[in-house]
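Colleague: Numbering (the UniProt record's numbering), first residue to last: 1 to 888.
Idealized CB from N, CA, C, for every residue including glycine.
Please read all numbers here as calculations on a predicted model, not as lab measurements.
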Amino acid sequence: MSAPRATVRLQLHAGYTLDDARAHVDYYADLGVSHLYLSPITRARAGSTHGYDVIDHATVNPELGGEPALRRLAQAARRRGLGLIADIVPNHMAADPANPWWRDVLARGEASAWSRHFDIDWQPPDPALRGKVLLPVLAEPYGDALANGSLRLLVDPASDQAELETPGGRYPVASASLPRGVAAQDLAALHDPSTQTGCERLHALLERQHYRLAWWRTAPDQINWRRFFEISELVGVRVEDEGVFDAVHALALRLYAEGILDGLRIDHIDGLASPGAYLRRLDRRLAVAGAARPAACAQAQAYVVVEKILAPGEVPDPRWRMDGTTGYDFMDQVGALLHAPAAEAPLQAFWQDLSGDKRPARTQLVAARRRMLTRHFAAERLALVRSLERIARLDARSRDWSANAIDRVLSALLAAFPVYRSYAEDGGRGAADRRACRLARRRAAVLLAARPGSADATLLAQLDRWLDGADPQPPDARASEARALALRRFQQLTPPLAAKSLEDTLLYRYGPLLSRNEVGATPDEFALAPEAFDARVRARALAYPRAMLATATHDHKRGEDTRARLAVLSEMPQAWREAATRWLQAMPGRGAPSAADRYLLLQTLVGAWPADWDADRCARPDAALAQWLERIAEWQLKALREAKLHTSWTDPDPAYEAAARALVGSLQDAPAGRALLGAIAGFASGLAPAGMINSLAQTLLRNTLPGVPDLYQGTELWDFSLVDPDNRRPVDYARRDAALARARSAEADLSASAWRDGSVKLMLIQRLLAARARLPALFAEGNCVALPVHGPRAGHALAWLRRHEGLSALIVAPRLSALALSGYAAGQPAQARGYWENTTLRLPAPVAGGAWHDAVHGRRTHVSADGSVALADVLRELPVALCLSVRS
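(1) Assuming L154 contacts A188 under a Cβ cut-off of 8 angstroms, what Cβ separation, rounded to an integer in Å, is found between them?
(2) Would N91 and H376 qualify as a contact pair, given that the criterion is a beta-carbon distance under 8 angstroms?
(3) Terminal residues of the continuous beta strand (DSSP E) containing W102?
(4) Would you say L506 and L637 are within 8 angstroms of each other, going by their C-beta atoms?
(5) Locate the alpha helix (DSSP H) running through residue 925, then write down its first and last residues.
(6) Rounded to whole angstroms, what is the Cα-Cα separation between A273 and Q492?
(7) Take R170 as the anchor and find which of V239, N99, S115, L190 has the nearest alpha-carbon.
(8) Below 8 angstroms CB to CB, which residues in the same chain sit around L234 once its five sequence neighbours on both sides are set aside?
(9) How many angstroms separate the CA atom of A311 from the CA atom of V239?
(10) Please list the terminal residues of the continuous alpha helix (DSSP H) segment that includes W351.
(11) Does the beta carbon of A470 sit closer than 8 angstroms to a beta carbon anywhere in chain D?
(12) Between the Cα of A405 and those of L447, L882, A455, A436, spot the shortest distance and give me the residue it belongs to.
(13) Among all the DSSP beta bridges, which residues are the ones paired with H13?
(14) Look at the alpha carbon of D471 and the alpha carbon of S480, and state the distance between them as a whole number of angstroms.
(15) Please list, in chain order, all residues of the same chain as residue 930 whose beta carbon is under 7 angstroms from its beta carbon, the five residues on each side excluded.
(16) Is the beta carbon of L700 sitting closer than 8 angstroms to the one on I811?
(17) For S885 and P512, what's the separation of their Cα atoms in angstroms?
(18) Taking the continuous alpha helix (DSSP H) assigned at S115, which residues delimit it?
(19) Less than 8 angstroms separating the beta-carbons of S39 and G83?
(20) Would you tell me roughly how many angstroms separate the C-alpha atoms of A484 and R5, rounded to the nearest one?
(21) Can you tell me whether residue 890 is helix, strand or coil according to DSSP?
(22) For the beta strand (DSSP E) holding H92, just list the boundary residues, first then last.
(23) On a Cα-Cα basis, can you pick out the residue from A684, Q668, A111 that is closest to D614?
(24) Who are the near neighbours of S888 in its chain, counting only those whose CB is closer than 7 angstroms to its CB and skipping five residues on each side?
(25) So within the stretch 499 to 571, which uninterrupted beta strand (DSSP E) runs reach at least 3 residues, ignoring any that extend past its ends?
(26) Based on DSSP bridge pairs, tell me the residues matched to L84.
(27) Exposed or buried, K132, counting other C-beta atoms within 10 Å across all chains shown (16 or more means buried)?
(28) Rounded to the nearest angstrom, what separates G236 and A670 at their Cα positions?
(29) Find out if the Cβ-Cβ distance for the pair W718, A825 is shorter than 8 angstroms.
(30) Please classify E165: does DSSP put it in a helix, a strand, or coil?
(31) Is it a yes or a no for the stretch 536 to 554 touching the stretch 309 to 329, going by three-plus beta-carbon pairs under 8 angstroms?
(32) Have a look at E67 and V60 and give me their C-alpha separation to the nearest angstrom.
(33) Looking at the structure shown, is I260 part of a helix, part of a strand, or coil, going by DSSP?
(34) I'd like to confirm the pairing. Which residues does DSSP put opposite T840 in its beta bridges?
(35) Run through the stretch 152 to 238 for me and flag every whole alpha helix (DSSP H) of 4 or more residues, listed as ranges in chain order.
(36) Identify whether I266 lies in helix, strand or coil by the three-state DSSP scheme.
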């Protein structure tokens, strides 16, 4: 197999198995993708809908059909020329008794062969946890659970094995902890919690286990093992250990050697102790495995991409052995490109009036980070403080720094850290790390009000030196070990802190325009100028030409077409503010939910209203509408809890949540609510054509600019999904099969109905991918140069020229003109293309004389003798164009 030309991300689970995916191989092959990009295929917890809660790295998940089904899928894919890429999860596993490694650790403690596979601190400061694993799985305090009989000892009559039954599952009991001389059948009665003596014996037995059962609320303060983010159901794996690496990757490497898999997507690369070293080791193992691949599946190297969130201006570490990221960076950049910068100030002012919070977004983010450090990552923060205190004690010059002082200054540094993490390995920080850490020190000094030369400023500089990844001078083995541990803890704390503070807190509580609240985005960058966007396109093409380009993922907060529609509001901020104000005033109830939360709801209703629904649907009882509003209510509940302002996952406010749900319910249950929803739906329907223009623009750019376009399942038609699990709903393949058959067998259908049902988007994707398949070298290796546009609409058009060995592609898309171009989506292209009158671009002389044709419509593209191309001609039927030229 060659490198991917285009991928499609498929979400596998018991309801959509590997055999189900096999049934759709022909569809995706006809659509034009080259690789199926699968969610994790390893065995996960029973009923998992995502696959990231792995319980066995060595087995293909039986719920997906097991390895036989994977082989059937690979065989079917090969017949159609498709390859397979698998998502792997090296950072964590499910902390579940069904996980054999974890179960053995719970049963045997440090003596378990797997005890070093997990990132467990076996000697924490709390004596009650020495040699034990904290198990924060109880829904109530331990004493209450013990007293009310929620914990019981059971004995399997077939095996005579004792287990502890809790409301959340069954856990092993160490055989050495059981009383000697007691028959197995008598153990349960002896430890019956319904009697005082039985309860006391059960408590004593539990105290002898290699784990300590605890209330779930103890986790943030007492957890003594690394979690995935703050999820106590997922335990960190020490994949930096070579033996652990081999155990985690054996299946993937074998499947790659056998030609079943062609590439890997590495989940949460930032969670690993040393991402660079990990990728080098993986590269070596894949090279060895690749040498054994069957001749029919030979390829120069495996395709490897990593899940990585990049801050504005950040690039992946150049030392990493990989093909690039999974595309969150492109998703953010193309979204920002479609927003009018002039709208930021009025929309932000409107939001501040509604929310009552005048603080800049950066200040709010720091506050969110501090909350997370105090309430959610306290155990991780304090473990890092202890590591740094140990370093201080090893040197007479620093031993007077107290844990409290270190905690205070460290917390400011963590709150101010500008990127997800540093990568101070291979002898120290790289250039990008040094820049990020300098910025973090400056910001932390401001937070501490630490003037130069003050004690806090001195300690801040000292912490920075301890965490720079360099060996201590003079060399000292104990200091080197202590620094390595502190650095690892620091670098594995900043990623979850960043994600939970920004993605899962601020982006739910800060909402001038929700289309800019997405994974990979930042409130600091509302819009992106074409020149800045082009610079990032060129940088990616130079460093990572095979990186994925995504506009939707399994993690997105709202669908790509929801975002594209909301982006249109940046072209009409005043009209939007006026409409939103009317609706807010018409909403029933006051106080709860807040004005800010109501505004977020309004944006969601407008953005997610189905394109093929009319506003009059709101006037009568409607089952489909009720189902849609239920999805809105589920989104709202998650958004409110993630924001952590009026309610949260850990401390829900039932009254506030009930008021929010009642507001959504009133939109269908009450006459005034139906009238209000009708007005909102009418506005959304009027906005929908402009949103479609933006949607086709980002679709064109994803499929033609340098990189590998990645399609998220189902988004080849309009995608108005919301945050997971809504974005993982079943895909209607029958509808897509029919639309694809029409797209491949007929002239392009550009009628208003084709726009409303999304067929026009699918048709565009199919034709763009067909062009990539016909001219793979042009899109994989061709350079990419922005072309200037001239004329009255020059500021509203984007153009690039791609060239490679006599092949050329002209890419043309609109920008900040979606409202003016809505006629395309109304089936009136003649009216819309008048917008482009007297606006042209000019091809350079070497390619101007070729024969150009439109890749979507197949017709000849007119190029004047001087190389001029009229946009009114090239954008005759659609607001986007891909024109190709092949010179002999």
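Modeller: In short, the structure shows the following:
(1) 6 angstroms
(2) no
(3) Unbroken run through W102 is the alpha helix (DSSP H), 100 to 108; no beta strand (DSSP E).
(4) no
(5) The structure shown has nothing for residue 925, since the chain only spans 1 to 888.
(6) 7 angstroms
(7) N99
(8) Y52, D53, H92, M93, A94, A95, R227, F228
(9) 26 angstroms
(10) 344 to 355
(11) Among the chains of the structure shown, chain D does not appear; only one protein chain is present.
(12) A455
(13) Y16
(14) 6 angstroms
(15) Outside the shown range of the chain, which is 1 to 888, sits residue 930, and nothing can be said about it.
(16) yes
(17) 43 angstroms
(18) Looking at the DSSP string, S115 is not in any alpha helix (DSSP H), and its letter there is neither H nor E.
(19) no
(20) 41 angstroms
(21) It is not possible to answer for residue 890, since the shown part of the chain is limited to 1 through 888.
(22) 92 to 94
(23) A684
(24) At S888, the pLDDT of 48 sits below 50, so the modelled position is not reliable; the number obtained from the coordinates is stated separately. Excluding residues within five positions, none has a Cβ falling inside 7 angstroms.
(25) 548 to 550
(26) L36
(27) buried
(28) 49 angstroms
(29) no
(30) strand
(31) yes
(32) 5 angstroms
(33) coil
(34) H790, A870
(35) 184 to 190, 196 to 207, 219 to 222
(36) strand
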